[in-house]
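Right under this line is the structure:
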């Protein structure tokens, strides 16, 4: 009878160990699923946007390893690379700026694209943002010789897709 009690206790202990190992495996699988879900959400590196008469394609990297931005409107298509693209992280998102036109002693026109933080899942994430076209009035003698307002702004609402692309 004593041997039967010991065998029964050993059986219960073994059964408890097996259950604990199974639970640990299930928890590990659950952790793997959670980790893989988090890993699926990626930071985008390509943004394709259009609206209000303009189209902008911006990639944070390219085959050369440098950022690239293409701007199109009814009059022109311009492409910028590397240091021609200025990037600033701010509270409202990443601000990406390029100089569209410089006319000495008159004006400089810039485009600033505001990109929100996005976690891309799947093929891409649709979003809406704004682009700011700024006209900076200039003078050969510096800003003190320009009378009145030095910058004017035109806000363009853009819609598009953020994607993650392997270059």
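In the working numbering, the protein residues as written are 8 to 174. The beta-carbon is built from N, C-alpha and C at its ideal position, and this holds for glycine as well. Note that the structure is a prediction, hence the values are computed from the model and not measured.
(request) Could you tell me which of 146, 114, 125 and 55 sits nearest to residue 48, measuring between CA atoms? (result) Minimum Cα distance to residue 48 is reached at 125.
(request) Decide if residue 174 is buried, meaning its Cβ has at least 16 other Cβ atoms within 10 Å, or exposed. (result) Exposed.
(message) Once DSSP output is grouped into helix, strand and coil, what is the label at residue 112?
(response) DSSP, reduced to helix, strand and coil, places residue 112 outside both helices and strands of the structure shown, so it counts as coil.
(request) Have a look at 119, 133, 73 and 109 and flag the residue whose alpha-carbon is nearest the alpha-carbon of residue 55. (result) Nearest C-alpha to residue 55: 133.
(request) For residue 75, I'd like the list of residues in its chain whose CB is within less than 6 Å of its CB, leaving aside the five on either flank, ordered along the chain. (result) Counting only Cβ-Cβ distances below 6 Å, and skipping sequence neighbours, we find 66, 69 and 88.
(request) Please list the segments of the alpha helix (DSSP H) lying wholly inside the segment 67 to 130, counting only runs of 4 or more residues, in order along the chain. (result) For the segment 67 to 130, not a single whole alpha helix (DSSP H) run of length 4 or above is found.
(request) Could you tell me the boundaries of the beta strand (DSSP E) in which residue 139 lies? (result) 132 to 144 is the span of the beta strand (DSSP E), which, as asked, contains residue 139.
(message) Comparing C-alpha positions only, which one of 58, 71 and 123 sits nearest to residue 79?
(response) Closest in alpha carbon position to residue 79, among 58, 71 and 123, is 58.
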